[in-house]
Amino acid sequence: MVLATLLCQPDLFVPTDQLVDSVWGANPPRTATKNLQVHIYHLRRAIGVPHRIERRFTGYRLRAEPSELDAWRFEQLLDGGQRALDRGDVEEAERRYEAAIALWRGNAFADLEHSGVVARDALRLEELRLVALEGRAEARLRGGGRHKAIAELYAMLAEHPFRERLAARLMGELHRDGRQSEALDVFHRVRRALAEEMGIDPGPELAAAYRGILEGTGAAATSLPRRTPIDRQRLDWLVGVVDVVDRTLSPARPERVTVADAPVPVPPELHHRGAARRWLDHESDSLYAAVEAGAPDQMWRLAHGMYSLMRLRGRWREWISLYETAIAAATDAGAHRAVAALYVGLGEARSGAGDLDDAVASYATALSVARHHGSVGCQVAALDGLARFALRTHRLGPAERHLAQAEALAADDLDAFGAAARLSSTRAGIELARGRYDAAVEWFERALAVAVALGDSDVAVPVLCGLSDALRCGGDRSGAAASARQALAVAVACHDRPAEHRARQQLVACTAPALTKAG
0 MVLATLLCQP
10 DLFVPTDQLV
20 DSVWGANPPR
30 TATKNLQVHI
40 YHLRRAIGVP
50 HRIERRFTGY
60 RLRAEPSELD
70 AWRFEQLLDG
80 GQRALDRGDV
90 EEAERRYEAA
100 IALWRGNAFA
110 DLEHSGVVAR
120 DALRLEELRL
130 VALEGRAEAR
140 LRGGGRHKAI
150 AELYAMLAEH
160 PFRERLAARL
170 MGELHRDGRQ
180 SEALDVFHRV
190 RRALAEEMGI
200 DPGPELAAAY
210 RGILEGTGAA
220 ATSLPRRTPI
230 DRQRLDWLVG
240 VVDVVDRTLS
250 PARPERVTVA
260 DAPVPVPPEL
270 HHRGAARRWL
280 DHESDSLYAA
290 VEAGAPDQMW
300 RLAHGMYSLM
310 RLRGRWREWI
320 SLYETAIAAA
330 TDAGAHRAVA
340 ALYVGLGEAR
350 SGAGDLDDAV
360 ASYATALSVA
370 RHHGSVGCQV
380 AALDGLARFA
390 LRTHRLGPAE
400 RHLAQAEALA
410 ADDLDAFGAA
420 ARLSSTRAGI
430 ELARGRYDAA
440 VEWFERALAV
450 AVALGDSDVA
460 VPVLCGLSDA
470 LRCGGDRSGA
480 AASARQALAV
490 AVACHDRPAE
500 HRARQQLVAC
510 TAPALTKAG
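Just so you know, numbering that gives the first Met the number 0 puts 472 at position 473 of the sequence shown, and the rest follows in order with no gaps.
Structure (structure tokens):
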């Protein structure tokens with residue numbers, strides 16, 4: 000367990016108390032520190048290179064190059080597979096996914112009892128493994144190997160019976176292969192599992208796949224929205240209204256750019272979140288058409304206002320493409336504050352798509368532009384994005400530094416109350432990574448209080464999921480499950496697909512071990 004904990008945080012000094020917690024949990028022996036030293040001694044002898052494990056007053060560090068770690072090589076191959084798939088090179092994508100999957104020899108840390116950072120890393124790696132399997136199936140489907148891919152999708156669903164997107168994809172491929180009865184059977188099996196094990200109904204994506212098969216329209220994968228013609232008068236109206244809708248749905252989003260140059264008639268109900276979400280769904284085709292039809296100045300303003308539509312639907316690739324075009328238009332227009340805000344949004348889209356290196360570049364660019372043009376809100380958001388990336392890659396030192404800078408800027412900005420929830424959530428994530436579960440719970444609860452005060456579901460769902468994770472790691476499984484269910488309820492009510500997916504995963508993480516023991 001000591002080696003596993005060090006490997007999860009290579010080249011970082013891991014505090015002694017975190018190592019003690021990993022080995023002995025909440026009830027360490029009085030001699031735990033001395034026992035840990037003995038473990039380290041034996042590890043050094045087993046490795047054969049004593050200086051590989053360094054000691055400082057605060058803890059121990061395992062020195063390792065990324066290329067020495069199977070996990071690092073796996074993630075590099077996974078990223079390469081996704082990039083190949085994005086550019087249409089299905090053969091290269093399949094080769095890279097195959098190589099990534101071949102590195103696995105059973106479950107992550109299979110011989111260890113998971114806790115703390117090892118538990119989190121094991122869950123992360125298992126999730127990425129499934130992403131690799133899904134990617135390989137996608138590459139084979141695009142390359143014409145439908146029957147083999149269907150067999151793989153069946154196997155994945157048997158191992159992950161609550162993964163609704165996977166079930167929906169399998170249903171779609173069965174339907175396209177003329178196997179409608181099998182497709183419907185997949186839906187009913189997943190629906191029963193969700194109801195019996197977690198007490199919830201299928202989400203919108205799976206339900207839509209089921210309706211599509213019944214209605215004979217199929218369960219096709221997500222496609223680009225249909226483009227419809229749009230006249231000039233309607234274009235001007237959309238440009239004016241979309242900002243009101245976006246403000247309603249994301250009240251704490253940093254550094255907004257006012258869309259409307261002049262007042263336009265806005266239906267009063269669009270100031271309410273439910274009506275605003277329905278309006279976005281109803282007008283989505285027109286909004287895309289407006290982006291294509293508008294002048295450059297209108298286009299970037301409209302794209303900026305479509306933030307909530309992109310985020311709620313989780314269409315990361317469309318969001319990336321839209322914002323890249325919007326940034327070019329805003330740059331040409333000399334709208335530098337808008338450029339910084341758009342780069343922050345682009346960072347979020349790239350992070351959601353899993354393009355972490357590109358996300359960091361976007362946040363760094365946003366920070367640079369914002370510093371030159373006095374945009375405090377964007378500086379705070381960009382620094383928080385950089386801190387969250389460092390946290391995801393287990394680099395706690397850089398995460399602390401970026402977050403401290405963001406907190407200092409926010410403390411001097413009277414308009415930065417909306418940032419408080421995100422910054423508190425990031426601080427909680429750092430505490431969680433350090434194994435300080437009580438402190439993490441306290442910070443997540445602070446973040447939740449601000450998110451509730453603002454009515455900001457963008458923040459509330461990830462905060463509730465983080466709170467669930469902290470409670471679970473701290474041993475409070477019932478509290479963890481309750482927070483996960485609350486997150487799911489908020490996400491479903493908001494029709495927030497990415498947040499709903501995350502909440503369902505968190506609920507599975509809270510309930511699956513208990514179900515296994517009960518069986």
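Where is the CB? At the ideal position from N, CA and C, for every residue including glycine.
| query | Of the residues Glu406, Ala363, Ala325, Leu173, which one's Cα is nearest the Cα of Ala150? | reply | When each option's Cα is compared against that of Ala150, the closest is Leu173.
Beta bridge counterpart(s) of Val13 as assigned by DSSP = Tyr59
Would you decide whether His113 is buried or exposed? Buried here means 16 or more other CB atoms lie within 10 Å of its CB. Low per-residue confidence applies at His113: pLDDT is 48, beneath 50, and the placement is therefore not dependable, though the value from the model is reported in the following sentence. Burial call: buried.
Next on the checklist: If you reduce the DSSP assignment to three classes, tell me which class Arg54 lands in.
Outcome noted: strand
Practice item. Look at Leu127 and Leu183 and say whether their C-beta atoms are less than 9 angstroms apart. Key: no
Inset, instruction - Within its chain, find whatever has a CB closer than 7 angstroms to the CB of Ala219; leave out the 5 residues flanking it on each side and keep chain order. - result: For Ala219, the predicted structure reports a pLDDT of 42, less than 50, and the residue's modelled location is therefore unreliable. A value from the coordinates is still provided. The answer, listed in chain order, is Gly171.
**Asked** Any idea what DSSP makes of Ala154, helix, strand or coil?
**Response** In the structure shown, Ala154 sits in a helix (DSSP, three-state: H, G or I).
Self-check item: Closest Cα partner of His372 within the set Glu399, Phe73, Glu406, Ala334
Solution: Closest by alpha carbon: Ala334.
#### Entry: Cβ-Cβ separation, Ala192 to Gly134 (assumed contact under 8 angstroms), whole Å
Contact doesn't hold; Cβ gap of about 24 angstroms is too wide.
For Ala418 versus Ala409, is the C-beta spacing smaller than 9 angstroms?
Against a cut-off of 9 angstroms, the Cβ pair of Ala409 and Ala418 comes out as a contact.
* Taking the Cβ atom as the reference point for each residue, do His166 and Ala208 lie within a distance shorter than 9 angstroms? -> The identity of residue 166 in the sequence shown is Ala, whereas the question assumes His. Taking 9 angstroms as the Cβ cut-off, Ala166 and Ala208 qualify as a contacting pair.
Notebook entry, point to check: Thinking C-alpha only, which one of Ala63, Ile319, Trp315, Leu286 is nearest Met305?
Noted result: Leu286
* Asked: Given Arg141, which residues of its chain have a CB within under 7 angstroms of its CB, disregarding the five upstream and five downstream residues?
  -> Val89
Starting from the Cα of Gly202, find the closest Cα among Val460, Phe186, Ala302 and give me that residue. Phe186
Can you check which of these residues, Ala479, Ser423, Ala469, is closest to Asp437 by C-alpha distance? Ala469
If I follow the unbroken alpha helix (DSSP H) through Thr364, where does it start and stop? From DSSP, the alpha helix (DSSP H) with Thr364 extends over 355 to 371.
| query | Candidates Arg496, Val462, Thr324, Val491: which alpha carbon is nearest Ser482's? | reply | Comparing Cα positions, the closest option is Val462.
Relative to the C-alpha of Arg168, which residue among Arg336, Gly177, Gly58, Tyr153 is closest?
-> Tyr153
Exercise for review: Note down, in chain order, each residue of its chain lying with its Cβ closer than 8 angstroms to the Cβ of Leu84, except the 5 sequence neighbours on either side.
Suggested key: Ala92, Gly134, Glu137, Ala138, Arg141
**Asked** When burial is assigned at 16 or more other CB atoms within 10 Å of the CB, is Glu430 buried or exposed?
**Response** buried
Nearest-angstrom Cα distance between Val368 and Ser320?
20 angstroms
Quiz item: Over what stretch of residues does the alpha helix (DSSP H) that includes His335 continue unbroken?
Solution: Looking at the DSSP string, the run of the alpha helix (DSSP H) that includes His335 is 335 to 351.
Go ahead and pull the three-state DSSP assignment for Asp85. helix
*Check whether the Cβ atoms of Arg60 and Glu67 sit closer than 9 angstroms, and answer yes or no.*
No. Outside cutoff.
Mind checking whether Glu323 and Leu345 have CB atoms under 9 angstroms apart? In terms of Cβ geometry, Glu323 and Leu345 form a close pair [threshold 9 angstroms].
* Go ahead and label Val507 buried or exposed: buried means 16 or more other beta carbons lie within 10 angstroms of its beta carbon, across all protein chains shown. => buried
Would you kindly check if the distance between the Cβ of Ala348 and the Cβ of Ala337 is under 9 angstroms? no
### As assigned by DSSP and simplified to three states, the class of Leu173
In the structure shown, Leu173 sits in a helix (DSSP, three-state: H, G or I).
Is the beta carbon of Val440 less than 9 angstroms from the beta carbon of Ala432? no
For Arg421, I'd like the list of residues in its chain whose CB is within less than 7 angstroms of its CB, leaving aside the five on either flank, ordered along the chain. Asp383, Val458
Backbone CA spacing between Ala98 and Leu42 [nearest angstrom]: 30 angstroms
Requested in this report: Buried or exposed for His401, please, with buried defined as at least 16 other CB atoms from any protein chain shown within 10 angstroms of its CB.
Outcome: buried
Buried versus exposed, by CB contacts within 10 Å (16 or more), Ile326 | Sixteen is the threshold: when 16 or more other Cβ atoms of the shown chains lie within 10 Å of the Cβ of Ile326, as they do, the residue is buried.
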